[in-house]
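Numbering (the numbering used here), first residue to last: 96 to 645. Ideal Cβ positions, reconstructed from N, Cα and C, are used throughout, including at glycine. The structure appears below as C-alpha cells.
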Amino acid sequence: MSVSPRNSLSAPEIVAPDGGLAPSTPSGPLGGATTTASEPASEAASETARTASGTFSAVDESGTGATPRHAADLIVFGGTGDLSMRKLIPALYHCDRDGRLADETRIIAMSRGGLTDADFRGKVDAEARPVPEGEDDEGWQRFLRRLHHVSVDVGGSDRSGWGALSRLLAGYEDRDRVFYLASPPMTFGPFCREAHEAGLVTPRSRVVLEKPLGRDLASAQAINDEVGAIFDERQIFRIDHYLGKETVQNLLVLRFANAFLEPVWNSLWIDHVQITVAETVGTPGRRGYYDHAGALRDMVQNHLLQLLCLVAMEPPSRNDRESIRDEKVKVLQSLRPIVGSEVDRFTVRGQYAAGDDVPSYLDEPASTPPTEISRRVETYAAIRAEVKNWRWAGVPFYLRTGKRMPSRRSEIVVQFKDVPHAIFPGATPNRLVLRLQPSEGIHLLLMAKEPGAGEVALRPVPLSLSFAETFQSRVPDAYERLLMDVLAGNPTLFMRRDEVEAAWRWIDPIIETWEGSAALPEPYPAGTAGPAGARELLARSGRTWHEEDL
Ligand code: BG6
C-alpha cells in the first residue's frame, strides 16, 4: 500500500518556476551563493585573491545559483567525447529551452577532431539530439547555432589551435568564461598552463574538473597544485554529478528544512545506514579507463562518499558556499581509517563473471585484450564505514556499488532501531528510503495494522513521496543544475580541494591493501546481486541489505 503523497507528506513549496530551488530567508535551501545578511556582498567580494590571471571576480556572490544572468562562453575540452555528447549537450539544450541561457551564450567544443562548426553541429544533431524531430525544432536549431568547434592539441607541440580559440574569444574578455575539462585528469594541469600561456584565463574565468581527480592522494594533490597555479580555489569547480541530483539536494532540504528528523538523526535511534549505487550496465568499450579506476575510484571515492557526507553532516549554520562544504569535510575527516587486516574484514570487492547473455568483465568488447591489471580490477565494492563522532558513534554506514547488478537502483536507506519496548509482536523497525534513481522519491516505512477484526496483524507500509507525481514536472538531469551553477558562479554543490583530498586520504589505504594482496576480486555472475562476501559483511552483525522495490 502506498499512501497518496497529497494526503500524506505534503509537498513543500520549494521549487522555483525555473526548476531551481526557491530561496527561503535569508538564503534559500541550497540556493547556493546567496549573500546572507551577515555576509554583505561587499565583504564577500572583497575576499579577492591573486592568481596567474590576477585579481579574480569569478564568483557571483549575489546570484541565486539557479539562472545565470550574463552571456558566457562555455568551452568544453573533450567536447566531442562521450560525456559531452551524452550528458553536457542534452543538459545545455534543456537549460536553453527553459530560457536559462542568455541569448549570446556560446558553447565551444575543443577536441583534436579537426571539425568545423558545421561538422560539429551536424554531429550533435545526429548523435546528441535529446528530443525527437518534430518537437521544438526551432529551439533545437537555435541551440545548434550556439555551438562552435576548435581543434586544439593540448600537450602537443602545435599551438595553432590555441590561436584559433583566442580569435574566437577576442573581444569577449568581460564575459564569464568557463573551461569545462571533460577529459582525463592528467590533462588538467597541461590544459590550464596552456590556456594561461595563450592569455585566455581572464579574471572572470572558471574551470570545471571532472572526476575522478587523480588516482590517489598524491596525484590529486599534484593536479590541485597545477590547476591552483593558474586558477584560484574559488574559480575551480570540481564536479561530482551526484550532488546535482534532485533527491540528493532534497536530502539536505529534508534534513534541514523539517524539524521532525533531527531529534532522531543519531546513534540513539538509527541502527545503520546503507548507501547503494547499483547499475545494470557493464563496461563495454571502457576497459582502458576502468582497468585503472575500478569501482572504488570511479564511484566510492566521490559519489558514495558525497552521499555519506550529506547523511552524516551536522546542520550548517548557513546555506552558503562554504558552510555546507565545511560540514562535509568534517565528516570525511571523521571517517575511521580502514587499514591493514581491517581491510579484509570491512571491505569486499568483486568482478562480474559471465551471466545470461552477458560477457564477463574480461570478455567485454575493448580495443585491447585484458591484462593482469584487468583481472585484478573490481567492478563491485562494498565497505563498512564508521563516522567517529558524537552523533554517529557505533552506527555502521554500509556502502556498495556495482556494475551488472540485477536492477538499476541508487538509494540511501536509513534503518532505525527497534522500538524500545515492543507491545505488538511482528513489528519491524522503521526505514527511511531516499531513492535517487530510478523514480526519485522518499519512502518512510511505517508499521501499520492490517485492516480486520481479530488479532492485530502488523505490516510495514510506505509513506511515499514521488517527486514526479508531486511536482508534475520533468526532473532535470543533474548536469543541468550543475552547469547553471557554474555559469552563475555558485560553487556550493562542487567539491573543495580539502574535501577531495580528505576522501582520498581515507580511500588510499584500502586501495593499497587491495593492490598489494595476492587475492583476486570475488567473481559474481553478471545480473546477480554481487559477491557472497557483501552479504556476509552485513550478516556478521545480523543485518541484511535492503533489496525491496518500493
Ligand atoms: C560516473 C561513473 O561518474 O557515474 C560511471 O564514471 C557511472 O561509471 C556513472 O556509470 C553513474 O552515474 P548515474 O548518474 O547514471 O548514476
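Check: Separation of F274 from K650, as counted between CA atoms; Outcome: Residue 650 cannot be examined here, being either before or after the span of the chain that is shown, 96 to 645.
Check: Between the CA atoms of G266 and D603 - distance to the nearest angstrom; Outcome: 46 Å
Check: Sub-8 Å separation of V372 and S561 beta-carbons; Outcome: no
Check: Backbone secondary structure at P358 - three-state DSSP; Outcome: helix
Check: Closer than 7 Å: V372 CB and nearest ligand 2 heavy atom; Outcome: Absence of ligand 2 is noted for the structure shown, with ligand 1 being the only ligands found.
Check: Residue from D335, L263, D248 and L457 whose Cα sits closest to the Cα of G445; Outcome: L457
Check: Nearest to F238 (by Cα), restricted to the options A390, H189, V245 and G209; Outcome: H189
Check: Whole runs of the alpha helix (DSSP H) within the segment 576 to 628, excluding any shorter than 4 residues; Outcome: 592 to 611
Check: Between the CA atoms of D580 and W640 - distance to the nearest angstrom; Outcome: 35 Å
Check: Alpha carbon of P616 to alpha carbon of G435, nearest angstrom; Outcome: 17 Å
Check: Contact test: S505 Cβ vs ligand 1 heavy atom, cutoff 7 Å; Outcome: yes
Check: First through last residue of the beta strand (DSSP E) which encompasses H538; Outcome: G536 to K544
Check: Exposure of V472, with buried meaning 16 or more beta-carbon neighbours within 10 Å; Outcome: buried
Check: Distance between V570 and T211 (C-alpha atoms, nearest Å); Outcome: 34 Å
Check: heavy atom of ligand 1 below 7 Å from V376 C-beta; Outcome: yes
Check: Euclidean distance between Cα positions of G521 and I507; Outcome: 25 Å
Check: Candidates E459, T442 and V443: closest to G450 by CA position; Outcome: E459
Check: Q344, buried or exposed, once every other Cβ within 10 Å from all chains shown has been counted against 16; Outcome: buried
Check: C-alpha distance - H243 paired with S261, whole-angstrom precision; Outcome: 13 Å
Check: Own chain partners of L196 with C-beta closer than 6 Å, once the 5 adjacent residues on each side are dropped; Outcome: C190
Check: Sequence-distant residues of the same chain with beta carbon closer than 7 Å to N484, five excluded per side; Outcome: S429
Check: For S612, the nearest candidate out of S179, Y493, E341 and V438 (CA to CA); Outcome: V438
Check: Proximity to E535 [Cα-Cα], best of A563, L363 and G549; Outcome: A563
Check: Contacts around T120, its chain only, beta-carbon distance under 6 Å, and the 5 residues preceding and following it disregarded; Outcome: Note that T120 scores 29 on pLDDT, short of 50, meaning its location in the model is unreliable; the coordinates nonetheless yield the value given after this. Taken in chain order, the list of residues that qualify is empty.
Check: Where V376 falls, given that 16 or more other Cβ within 10 Å makes a residue buried; Outcome: exposed
Check: 7 Å CB neighbourhood of L245 in its chain, flanking five on each side removed; Outcome: Just to set this straight, residue 245 is Val in the shown sequence, not Leu. The answer, listed in chain order, is I203, M205, G256, A259, L260 and L263.
Check: Cβ neighbour criterion (16 or more within 10 Å) applied to V514; Outcome: exposed
Check: Rounded straight-line distance, which links the Cα of P464 to that of V453; Outcome: 17 Å
Check: H641 in three-state terms, based on DSSP; Outcome: coil
Check: Same chain, Cβ closer than 7 Å to E575, five either side skipped, listed in chain order; Outcome: A186, H189 and C190
Check: Proximity test, M500 beta-carbon vs ligand 1 heavy atom, cut-off 7 Å; Outcome: no
Check: Reference W360; option with closest CA among V490, S278 and K423; Outcome: V490
Check: Residues that E506 bridges to, as DSSP identifies them; Outcome: T371 and R530
Check: Neighbour-count burial assignment, R635, 16 or more Cβ in a 10 Å radius; Outcome: exposed
Check: Of the residues E610, G628 and W609, the one placed nearest P618, counting alpha carbons only; Outcome: G628
Check: Spatial neighbours of L178 in its chain, beta-carbon cut-off 8 Å, leaving aside the 5 residues before and after; Outcome: A277 and E305
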